[in-house]
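Everything in the sequence shown is counted per my numbering, starting at 12 for the first residue and increasing by one. Heads up, the thing below is written out as structure tokens.
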Amino acid sequence: KKNYRLMITQGRSVLMYDKNGKIVSGFKYRKANNMIATQPKHFRIGRKDYIVFANGNRMEILDRIGKTRINVTENISFSNNEIYLYQNKFTTSSTNGELIQINSKGNKTTKNLQVNSDHKITTTSKTLVVLNDNKLTIKSNSIELDFGVYSSPRIFYINDKIYVSVTDLQSKKGYLFDSQAKPIANFPVFANSELVLGNIDKDNALEVVTKGDNNAIIIYELN
Numbered sequence: 012k013k014n015y016r017l018m019i020t021q022g023r024s025v026l027m028y029d030k031n032g033k034i035v036s037g038f039k040y041r042k043a044n045n046m047i048a049t050q051p052k053h054f055r056i057g058r059k060d061y062i063v064f065a066n067g068n069r070m071e072i073l074d075r076i077g078k079t080r081i082n083v084t085e086n087i088s089f090s091n092n093e094i095y096l097y098q099n100k101f102t103t104s105s106t107n108g109e110l111i112q113i114n115s116k117g118n119k120t121t122k123n124l125q126v127n128s129d130h131k132i133t134t135t136s137k138t139l140v141v142l143n144d145n146k147l148t149i150k151s152n153s154i155e156l157d158f159g160v161y162s163s164p165r166i167f168y169i170n171d172k173i174y175v176s177v178t179d180l181q182s183k184k185g186y187l188f189d190s191q192a193k194p195i196a197n198f199p200v201f202a203n204s205e206l207v208l209g210n211i212d213k214d215n216a217l218e219v220v221t222k223g224d225n226n227a228i229i230i231y232e233l234n
């Protein structure tokens with residue numbers, strides 16, 4: 012119905028706007044006790060809507076009008092990673108390298124990822140990707156990359172296939188892998204930013220878009 016909603020944070024507040032830029036009066040969330048640390052995300056499980064974000068060391072899980080849907084009582088030492096919906100659980104990681112998952116009843120489970128505090132994660136509903144130093148793990152498969160300064164990994168699900176990209180911003184090399192952590196042919200490529208994968212023309216081949224030098228944009232086509 013194109014009845015879009017936009018959520019914007021300002022300090023301890025979450026503001027909801029409609030597509031015309033007007034405040035949605037029916038959104039009831041009051042100010043958080045602490046600074047909001049992550050971008051609010053909307054997830055749907057079955058017929059229920061969830062709005063999720065980090066408030067200090069608490070994970071807030073609201074319904075669509077801003078009331079608490081799941082009360083998470085345990086504190087979380089949030090890393091710099093976002094909150095995702097993985098395995099139908101609200102998933103993030105902690106500064107001490109644990110995967111944190113909250114189920115629909117508010118119960119918390121943890122798993123030691125054996126990573127440092129600067130690790131990076133991203134997920135789809137079924138795929139977890141972890142980057143720790145130069146070790147990239149996709150599901151249960153790992154690959155050792157050259158040492159460098161890496162962007163956060165990104166997952167692309169296109170034509171029933173998982174692709175994972177990551178860029179060494181120091182050496183300006185962009186990598187692309189499949190779901191088994193196997194490199195895609197002809198990668199790495201020159202890249203000065205994250206890689207974005209998609210189909211931007213009329214043929215069936217996928218394209219990779221990235222930033223080049225001197226404010227240029229580079230487009231690669233997968234053969």
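Beta carbons are placed, not taken as given, at the ideal position from N, Cα and C, and that holds for glycine.
(message) Closer than 8 Å is the cut-off here; do at least three beta carbon pairs connect the stretch 171–183 with the stretch 202–216?
(response) yes
Q.
Checking the sheet assignment: what are the DSSP bridge partners for Ala65?
A. Met70
Once DSSP output is grouped into helix, strand and coil, what is the label at Asp179? strand
- Query: Would you call the CB atoms of Ile87 and Asn114 closer than 9 Å?
  - Reply: no
Would you check if there are 3 or more beta carbon pairs closer than 8 Å linking the stretch 144–163 to the stretch 106–123?
-> no
Discussion item. Within the continuous beta strand (DSSP E) that includes Gln97, where are the two ends?
Written reply: With the sequence shown as reference, residue 97 is identified as Tyr, and Gln is not the correct amino acid for it. It spans 95–97 - the beta strand (DSSP E) in which Tyr97 sits, taken as one unbroken run.
Original post:
On the three-pair Cβ rule with 8 Å, is the stretch 127–135 touching the stretch 97–108?
Top reply: yes
Open item on the list: Which of the three DSSP states is assigned to Asn152 in this structure?
Closed with: strand
For Met18, which option in Asp171, Arg75, Asn44, Pro164 has the closest C-alpha, if you only look at C-alpha atoms? Arg75
Looking at the unbroken beta strand (DSSP E) that takes in Ile166, where does it start and where does it end? 165–169
Name the DSSP beta bridge partners of Ile81, please? Ile72
_Buried or exposed, going by whether 16 or more other CB atoms sit within 10 Å of the CB of Ile228?_
exposed
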